[in-house]
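Q:
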Amino acid sequence: MFEEMRTRDFVRWMFFGILIAAFALVQLSPNPLILDVGIQLTFYVIVPVLYFGRQFQKQQVPLSRVVFLKGASRWLLPLAGLVTLSTFFSMAMLWLQLRVLMPVAPWMVDSLLERAPFPDNIAYLITVSLIVAVIGPIAEEFMFRGLLLKRLISKTSMWEGIGTSSLLFGMLHMDFFGAFLFGVTASILYLLTDNLLIPILLHIFHNSLVVGLMFISPGWPEWLTVMESADIYTKAVPNAIVLFVTSILIFAVILRLAQSLNKKKEEEKYQAFLKKQREALQNEPDHPEMP
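With my numbering, letter number 84 in the sequence shown gets 80, and the count goes up by one each step, no holes.
Pasting the structure below:
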């Protein structure tokens, strides 16, 4: 399915799609909010729907082949735990990055901690929140765990594909380390379940929590969140402890999932070997009876 798609074709579609959308939107309205929403909808909705829809139709593969509900419910609780773990890790990792930057680039720290006011346009806020919390995760999972991961695996190996796709995923996010580990986890979950819905749910849960905290309680939890430069030092101990504990737990989870994935792949190889042997025996001509 995804292995037969070409990444460069998708990149070409995305490049020209955004170029055309930006030109059209600038001509239609000078409002920067409309331009922002239009570009995001092009990136996360229009181009992915057109490209993947065409590919699914071309290959005559139903969407239910890669996204299905069967067996998904048993993953809901583990996914919620992973999201909680990932969120606390990202908070503590942000503290570490700010702590490293503070002595050499305090101006950058101030810039990162500066919180821009929300626009007064309610429709814009609702639309962007839906894109970040729901639409974006769905599109990104099709792009990174579907197309990119599968293509890289077909060209290299399973673990090289996981590592490279997660590295690229991390490079496109401000929280590089958190996004990289998230990418590794999501990739393993997809390969383990063969169901893109599982990493999609993980991504939606994570982004929805981030959006919710941003609007409802941006300073939660108060004992951990760095809101100003002084917090880098006053909240150093809890952040260091959280970073240490969550790092161990995340690596333990990834290791456990990786072991399950390796076991699954070995079983698939064994079953493929048995199938090949059975086919060889069935195709083997009968020997003539001895006189």
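Ideal Cβ placement from N, Cα and C applies to all residues, glycine included.
Predicted model only: the values in this text are computed from it and were never measured.
Can the beta-carbon of Leu376 be found closer than 7 angstroms to that of Ser161?
A: The shown model of the chain, from -3 to 287, leaves out residue 376, and the question about it has no answer.
Q: Name the two residues that bound the continuous alpha helix (DSSP H) containing Glu275.
A: For this step, residue 275 is matched to residue 279 along the sequence shown. Taken as a continuous stretch (DSSP letters only), the alpha helix (DSSP H) holding Glu275 covers Ala232 to Asn279.
Q: Which stretch, first to last residue, makes up the alpha helix (DSSP H) that contains Pro58?
A: For the purposes of this step, residue 58 is taken as residue 62 along the sequence shown, with counting starting at 1. No alpha helix (DSSP H) contains Pro58, which DSSP labels as neither H nor E.
Q: Tell me which same chain residues have a C-beta within less than 7 angstroms of the C-beta of Ser183, skipping the five on either side of it?
A: The residue labelled residue 183 in the question sits at position 187 within the sequence shown. Around Ser183: Arg141, Leu145, Ile158, Ser161 and Ser162.
Q: When the Cα atoms are used, what is the spatial distance from Thr221 to Val249?
A: Taking the sequence shown and counting its residues from 1, the one referred to as residue 221 is at position 225. Taking the sequence shown and counting its residues from 1, the one referred to as residue 249 is at position 253. Rounded to the nearest angstrom, the two C-alpha atoms are 24 angstroms apart.
Q: Spatial neighbours of Leu288 within its chain, please: C-beta separation below 7 angstroms, excluding the five flanking residues on both sides.
A: The question about residue 288 has no answer, for the chain in this structure spans -3 to 287.
Q: Please state whether DSSP places Ala135 in a helix, a strand or coil.
A: Numbered from 1 along the sequence shown, position 139 holds the residue referred to as residue 135. Helix at Ala135.
Q: Less than 8 angstroms between the CB atoms is what I'm expecting for Arg147 and Phe(-2), so what's the real figure, rounded?
A: Locating residue 147 in the sequence shown gives position 151, counting from the first residue. Locating residue -2 in the sequence shown gives position 2, counting from the first residue. About 7 angstroms separates the beta carbon of Arg147 from that of Phe(-2), a gap short enough to meet the 8 angstroms contact definition.
Q: Assess, as a yes-or-no matter, whether the region 4 to 17 is touched by the region 89 to 99 under the definition of 3 or more beta carbon pairs within less than 8 angstroms.
A: no
Q: Compare the C-alpha of Asn191 against each of Arg61, Ile42, Phe48 and Leu46 and name the closest.
A: The residue you call residue 191 lines up with position 195 of the sequence shown. The shortest Cα separation from Asn191 among Arg61, Ile42, Phe48 and Leu46 belongs to Arg61.
Q: Excluding the 5 residues preceding and the 5 following Phe172 in the sequence, name in chain order all residues of the same chain whose CB lies nearer than 7 angstroms to its CB.
A: Position 176 of the sequence shown, counting from 1, holds the residue named residue 172. If we look at Phe172 and ignore the five residues flanking it on each side, its Cβ neighbours are Gly166.
Q: Which value, in whole angstroms, describes the spacing of the CA atoms of Ala135 and Phe48?
A: As a first step, residue 135 is located in the sequence shown; it is residue number 139 there, counting from the start. As a first step, residue 48 is located in the sequence shown; it is residue number 52 there, counting from the start. Going from the Cα of Ala135 to the Cα of Phe48 covers about 10 angstroms.
Q: Can you check which of these residues, Asn235, Leu15, Gln278 and Phe211, is closest to Phe114 by C-alpha distance?
A: Here residue 114 is taken as the residue at index 118 of the sequence shown, counted from 1. Comparing C-alpha distances from Phe114 to each of Asn235, Leu15, Gln278 and Phe211 shows the shortest one belongs to Phe211.
Q: Taking the alpha-carbon positions, what's the Leu75 to Ala88 distance?
A: On the sequence shown, position 79 is the one that residue 75 refers to. On the sequence shown, position 92 is the one that residue 88 refers to. Spanning the two alpha carbons is a distance of roughly 20 angstroms.
Q: State buried or exposed for Ile237, treating a residue as buried only when at least 16 other CB atoms are found within 10 Å of its CB.
A: Position 241 of the sequence shown holds residue 237. So Ile237 counts as exposed.
Q: With a CB to CB cut of under 8 angstroms and the five nearest residues on each side skipped, what residues in its chain are close to Ala232?
A: Taking the sequence shown and counting its residues from 1, one reaches residue 232 at position 236. Once the five neighbours on either side are set aside, the close Cβ partners of Ala232 are Trp91 and Arg95.
Q: Measuring only the C-alpha atoms, how far is Pro287 from Gln273?
A: Taking the sequence shown and counting its residues from 1, the one referred to as residue 287 is at position 291. Taking the sequence shown and counting its residues from 1, the one referred to as residue 273 is at position 277. Low local confidence applies: a pLDDT of 49 at Pro287 is under 50, so the model's placement there is unreliable, with the coordinate-based value given in what follows. Taking the straight line joining both Cα atoms gives about 29 angstroms.
Q: My understanding is that Ile35 touches Ala17, with C-beta atoms under 8 angstroms, so please give their C-beta distance in whole angstroms.
A: Along the sequence shown, one-based indexing puts residue 35 at 39. Along the sequence shown, one-based indexing puts residue 17 at 21. With 8 angstroms as the limit, Ile35 and Ala17 qualify as a contact, their Cβ atoms being about 6 angstroms apart.
Q: Which of the three DSSP states, helix, strand or coil, is assigned to Pro287?
A: In the sequence shown, residue 287 corresponds to position 291, counting from 1. Only weak support exists for where Pro287 lies, its pLDDT of 49 falling under 50; the value from the coordinates is given anyway. Reduced to three states, the DSSP call for Pro287 is coil.
Q: Can you tell me whether Ala129 is buried or exposed, with buried defined as 16 or more other CB within 10 angstroms of its CB?
A: For this step, residue 129 is matched to residue 133 along the sequence shown. Answer is buried; the Cβ neighbour count reaches 16.
Q: Going by other Cβ atoms of all chains shown within 10 Å of its Cβ, with 16 needed for buried, is Leu143 buried or exposed?
A: Here residue 143 corresponds to residue number 147 of the sequence shown, with the count starting at 1. With 16 or more other Cβ atoms within 10 Å, it is buried.
Q: Can you tell me whether Met1 is buried or exposed? The criterion is at least 16 other CB atoms within 10 Å of its CB, across all chains shown.
A: Residue 1 sits at position 5 when you count from the first residue of the sequence shown. Answer is buried; the Cβ neighbour count reaches 16.
Q: Just curious, the alpha helix (DSSP H) that Gly166 is in, first and last residue?
A: For the purposes of this step, residue 166 is identified with residue 170 of the sequence shown, where counting begins at 1. Its alpha helix (DSSP H) spans residues Met154 to Met167.
Q: Less than 7 angstroms between C-beta atoms, sequence neighbours within five positions excluded: which residues of the same chain meet that for Phe52?
A: Locating residue 52 in the sequence shown gives position 56, where the first residue counts as 1. Excluding sequence neighbours, Phe52 sits near Leu59.
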